Each structure stands twice: as structure tokens, then as C-alpha cells.
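Note that the working numbering has the sequence shown beginning at 70, numbered continuously upward.
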Amino acid sequence: MKLFESISYQNGNFQNLDLHQKRMNNSRKKLFSSADDINLFSALSRVNLNKFENEQLYKCRVLYSNDIEKVEFIPYKKPQIKSLKIIHSNLNYEYKYEDREELSSLYAKRENCDDILIIKDELITDTYFCNILFYNGKNWITPEKPLLKGVQRAYLLKNEKIETAIIKLQDLKNFSKARLINALLEFDNSIEIMVSNIV
Numbered sequence: 070m071k072l073f074e075s076i077s078y079q080n081g082n083f084q085n086l087d088l089h090q091k092r093m094n095n096s097r098k099k100l101f102s103s104a105d106d107i108n109l110f111s112a113l114s115r116v117n118l119n120k121f122e123n124e125q126l127y128k129c130r131v132l133y134s135n136d137i138e139k140v141e142f143i144p145y146k147k148p149q150i151k152s153l154k155i156i157h158s159n160l161n162y163e164y165k166y167e168d169r170e171e172l173s174s175l176y177a178k179r180e181n182c183d184d185i186l187i188i189k190d191e192l193i194t195d196t197y198f199c200n201i202l203f204y205n206g207k208n209w210i211t212p213e214k215p216l217l218k219g220v221q222r223a224y225l226l227k228n229e230k231i232e233t234a235i236i237k238l239q240d241l242k243n244f245s246k247a248r249l250i251n252a253l254l255e256f257d258n259s260i261e262i263m264v265s266n267i268v
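This is the structure in C-alpha cells:
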């Protein structure tokens with residue numbers, strides 16, 4: 070069993086490394102009974118970053134189990150997502166597993182849409198790629214029970230930029246637009262879609 074972290078890296082800076090480290094070590098303790106913590110900053114400082122010192126945004130992908138097994142840097146291109154297909158599932162994805170086969174099988178059902186919106190136990194959770202935020206005309210709201218508690222979501226909650234709520238499918242009518250966020254899609258650079266394009 071392997072897990073991974075996807076970390077935003079640009080211009081010599083890793084974003085939200087403390088939150089990635091916290092999630093990684095929590096996962097290691099719960100899944101592998103790890104007694105020690107990995108210092109992610111120290112581990113990444115041993116990587117030769119010279120060839121990545123440019124304006125390009127990179128996804129730093131850290132593969133790990135009890136220990137870090139692989140670190141790679143992948144140039145990141147923002148996906149074009151304008152529509153979401155509603156998919157019902159009882160999928161459990163509490164940890165960021167490398168094996169995303171179940172998740173990918175749901176994604177394959179998106180038909181003509183660009184991504185999926187997963188409904189679990191009648192509640193809105195996440196898309197395939199992202200946590201989701203909804204705008205109610207005043208505040209940005211994110212589902213209280215996502216499939217995976219993403220790092221960007223945690224950062225925005227910590228800084229009180231978003232709020233959580235139980236959101237059911239029938240609640241979509243209360244929102245005009247949505248934003249998709251993840252470690253590489255920060256709030257100001259997130260993907261915005263109209264709720265009318267969730268079908």
C-alpha cells in the first residue's frame with residue numbers, strides 16, 4: 070500500500086509544506102503504525118532543485134509508505150473543467166492512496182462532462198481532481214464531509230476564507246457558482262464553473 074502527496078512548487082517555494090507533512094505523518098501513523106515523523110522539508114531539501122528554478126509551476130509528487138520512496142517533479146498545466154457529471158458512490162478515499170482505480174472507474178462515467186461530482190450517502194463530497202467550494206452570494210462553502218480533506222481546503226479553513234456545511238444534492242439550487250481547488254489550484258487560481266453545468 071502506497072500513498073502520495075502532490076505539492077505545489079514554483080520559483081523555489083513549496084506551498085503549504087507544513088500541512089502536507091501533517092497529513093503524511095497522520096496517514097503513516099494510522100496505516101503503518103509509524104512511531105516517528107518524516108521531516109518533509111528536510112527530505113525535499115536533499116533533492117537537486119536547480120533545474121526546477123524557473124517560472125514553471127511544478128507538481129512535486131512524493132510517493133511514500135512508512136518511508137518516502139520516490140520524489141518527482143512534473144510540469145503542471147491547469148485542466149480545463151467546465152462541467153461536472155453527478156455520480157453516486159459509497160467510495161471510501163479518506164487517505165491519498167496511489168491506487169485510484171475505484172476513483173478512476175467513477176471518472177470514466179463522466180460521459181460528455183469534464184469531471185465528476187461524487188455523491189456519497191446523499192451528500193456532496195468531491196470531484197475526481199479536487200475539493201469543491203460553492204458560492205451562496207455571500208460566502209464560499211465547502212462540504213463538511215469530503216472524500217479527502219485536501220491541503221488547500223485545510224489552508225482556506227485555517228485562514229477563515231471558506232466555511233463548511235452539510236451540502237445535499239438538492240441544495241445545489243442555493244448556489245450560483247462553484248470553484249475547484251487542490252494543492253495546485255489555490256483559491257485565486259482555482260477553476261470556476263457555473264452550478265447550472267453540474268448535471
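Heads up, the beta-carbon is just placed ideally off N, CA and C, and yes, glycines get one too. Being a predicted model, the structure only gives us computed values, none of them experimental.
Asked	Found
Classification of residue 110 by the beta-carbon crowding that lies within 10 angstroms, buried from 16 upward	exposed
Selection from 231, 79, 155 and 238 that minimises the alpha carbon distance to residue 121	79
Beta-carbon proximity check, residue 89 vs residue 107, cutoff 8 Å	no
Complete runs of the beta strand (DSSP E) confined to the segment 162-231 [at least 3 residues]	184-189, 192-196, 200-204 and 209-212
Sufficient close CB pairs (3 or more, under 8 Å) joining the segment 202-212 to the segment 230-237	yes
Contact set for residue 183: own chain, Cβ-Cβ below 8 Å, skip 5 residues either direction	148, 149, 150, 151, 152 and 153
Where the beta strand (DSSP E) containing residue 134 begins and where it ends	Residue 134 -> no beta strand (DSSP E), and no H or E assigned at all.
Alpha-carbon to alpha-carbon, residue 268 and residue 102	42 Å
Stretch pair the segment 185-200 + the segment 244-251: three plus CB contacts closer than 8 Å	yes
C-beta atoms of residue 145 and residue 126 nearer than 8 Å	yes
Those residues which DSSP pairs with residue 149 across a bridge	DSSP, once it has assigned bridges, lists no residue as partnering residue 149.
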